[in-house]
Amino acid sequence: MKKLSSFILIFTALALASCSDSNPVLTIEGGKVIGVQTPTKGIIAYKGLPFAAPPVGDLRWKEPQPVVPWEGVKKADTYGDAASQTTWDPESFYGREWRASGSVPFTENCLYLNVWTPAAGKTGKKLPVAMWIHGGGYREGFAYEPEMDGGEDWASRGVILVQVTYRLGSMGFFSHPLLSAESPHGVSGNYGLFDQVAALKWIKNNIEQFGGDPNNITIFGQSAGAGSVQSLCASPLSKNMISHAISMSGGGLSNLRPGILLDTAQLTNKRMMDYFKKTSLDEMRALSFEELRQMSSDYMAATKNRVMWSPVVDGYLLTGTFTNVARANEIADIPYMFGLTANDMNDATQAVKDFCALRAEKSSKPAYAYLFARPLPGDDNGAWHSSDLWYVFHSFRHSWRPFTAGDEALSNKMVDYYTNFSKYGNPNGKEDGLWTPYSAETPKFMIFDVNGDEAACTMSDTPEFKGPSPRK
17 MKKLSSFILI FTALALASCS DSNPVLTIEG GKVIGVQTPT KGIIAYKGLP
67 FAAPPVGDLR WKEPQPVVPW EGVKKADTYG DAASQTTWDP ESFYGREWRA
117 SGSVPFTENC LYLNVWTPAA GKTGKKLPVA MWIHGGGYRE GFAYEPEMDG
167 GEDWASRGVI LVQVTYRLGS MGFFSHPLLS AESPHGVSGN YGLFDQVAAL
217 KWIKNNIEQF GGDPNNITIF GQSAGAGSVQ SLCASPLSKN MISHAISMSG
267 GGLSNLRPGI LLDTAQLTNK RMMDYFKKTS LDEMRALSFE ELRQMSSDYM
317 AATKNRVMWS PVVDGYLLTG TFTNVARANE IADIPYMFGL TANDMNDATQ
367 AVKDFCALRA EKSSKPAYAY LFARPLPGDD NGAWHSSDLW YVFHSFRHSW
417 RPFTAGDEAL SNKMVDYYTN FSKYGNPNGK EDGLWTPYSA ETPKFMIFDV
467 NGDEAACTMS DTPEFKGPSP RK
């Protein structure tokens, strides 16, 4: 009987040690943390890790501050709150598509990230890292929307996926002369971008604990997330931390977006606040998100003056538009991947061509172009803006659409391409392959589509934009 009891104790100790080895306690900025096992063997998820102090109270409209330490071991099993925003209308196209309204808390306490890794605690593993920046027009969205649930697929291919949430709308991009006066850099606005820079710094300082390489960080994003990628690659505060960059449906070189200057943004917002007799920072910081939203709506209706919540050229974080900084050859000198969908919000094929051609002229580092052309099954909206997210994250299990074997094959191929690019700066892998860099001599796009039950990935010098989807 004693022998049996001893055997049970030894077996239990070994089992616990095995669990501890595969899901160890890590020490990161703020304290100790443990993740959770995922359904994919060997992949550990860390949800809701703070990368900065909550930007609330007096920290509203300030650059992100250091993480607030915690006691004991934090179990990272719950996503952090999403940034304050207006909930999707459940009857709208995207409300039905993402099914993301109603169940997610939206608050100002939103500076959290999520990590998926196959090498927790293995500090010498040096795996590549990919930081995902969600879109949503700088007004809405969050890092763990169902269509972005791809951490296990990416990590199983040897790439650590980090998803970042950042301040949005009036909380993330509000400029005002009083805010600039209190800033150590004399600027205001761009708080959402400052959050992304802080997340990059957090990755540099902490990712080795998760088995990652702080010197091999890819940033990628879609729509406003793609615009954020471009801003980070152009910013003197962040461009030297980035190894590769992917811009999805964010355009390329363009003369149509001159950029909002800090002075213009400050004046616009000061006029709005003066209109409502809010003349001190204490009064402004006392306003709720909903009050700010209603004020901006009422102000635009009454004055016909438009209020914008988006990045500004402040001379500090952003010294110019992405186009101007790229033309001056002052963006990060790294491999790039730029593309769009066949029924995107606008035809950016020429903008992508121009950017990739410029990089071929200015740099020895490659730039790859693509067009996602697969019309999604289930309706006649085509390859609409954001439709490629289901494929890049292989997240079909969350969708109502009747995806086919061909869609499965295409998604797996795209995840391979994206993770290879994260590893090597080459979507083909270590060696050259089908997908060639874009240049004046070889002006080709990768076309992503399906052919029956198979993926159809082909190179073409005539990418066909089919017009914006009506998104019925």
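The opening residue of the sequence shown carries number 17 in the numbering used here; numbering runs sequentially from there. Where is the CB? At the ideal position from N, CA and C, for every residue including glycine. Given the structure is predicted, the values throughout are model-derived calculations rather than measurements.
- The beta-carbon distance between SER196 and GLN282, rounded to whole angstroms, is 6 angstroms. This is short enough to meet the 8 angstroms contact definition.
- For HIS201, the number of other beta carbons within 10 angstroms of its own is below 16, and it is reported as exposed.
- Distance from the CA atom of TYR352 to the CA atom of SER270, rounded to whole angstroms, is 17 angstroms.
- Between the beta-carbon of SER296 and that of GLY266 there is about 37 angstroms, and that puts the pair past the 8 angstroms contact cut.
- Using a Cβ-Cβ distance cut-off of 8 angstroms, the stretch 465 to 472 and the stretch 416 to 431 are in contact, since at least three pairs of beta carbons, one from each stretch, lie closer than that value.
- MET353 has ILE262, TYR384 as its beta-bridge partners, per DSSP.
- Leaving aside the five residues that flank GLY47 on each side, the residues in its chain whose CB is nearer than 6 angstroms to its CB run, in chain order, PRO85, TRP86.
- Note that the C-beta distance between PHE236 and ALA376 is not below 8 angstroms.
- Note on the stretch 304 to 377: whole beta strand (DSSP E) runs with a minimum of 3 residues are 352 to 357, in chain order.
- Annotated as distal: LEU209 and SER263, with beta-carbon spacing of 8 angstroms or more.
- Contact annotation: the stretch 241 to 258 touches the stretch 145 to 160, with at least three C-beta pairs closer than 8 angstroms.
- Minimum Cα-Cα distance from SER199 among the listed residues PRO453, LYS57, TRP77 corresponds to TRP77.
- Under the DSSP assignment, ALA240 falls in the alpha helix (DSSP H) whose first and last residues are 240 to 250.
- Between HIS414 and GLU163 the beta-carbon gap is near 7 angstroms, inside 8 angstroms, which marks them as a contact.
- Membership of LYS48 in the beta strand (DSSP E) is indicated by the continuous run 47 to 50.
- Taken through DSSP and simplified to helix, strand or coil, GLY445 comes out as coil.
- Separation of the CB atoms of SER100 and MET187 is rounded to 5 angstroms, and the pair is thereby assigned contact status at 8 angstroms.
- The beta carbons of ARG487 and TRP416 sit about 15 angstroms from each other, so the pair does not count as a contact at 8 angstroms.
- Rounded to the nearest angstrom, the gap between the Cα atoms of GLU161 and TRP114 is 7 angstroms.
- For ASP465, there is no enclosing alpha helix (DSSP H); the residue is found in the beta strand (DSSP E) stretching over 461 to 467.
- Between the alpha carbons of LYS293 and ASP363 lies a distance of about 43 angstroms.
- The beta-carbon separation of ILE233 and TRP132, rounded to 15 angstroms, does not stay under the 8 angstroms limit for a contact.
- C-alpha of ARG173 to C-alpha of CYS249: approximately 25 angstroms in a straight line.
- Ranked by Cα distance from GLY185, the first of ARG309, LYS91, ASN345, SER403 is ARG309.
- Taking each of ILE350, VAL328, MET300, MET288 in turn and checking the Cα distance to ASN321, the smallest one comes out for MET288.
- With contacts defined as CB atoms closer than 8 angstroms, THR474 and ILE463 qualify as a contacting pair.
- ASP93 is bridged by DSSP to LYS63.
- If the five residues before and after ASP169 are omitted, its C-beta is found closer than 6 angstroms to the C-beta atoms of HIS410, VAL431, all from its own chain and listed in chain order.
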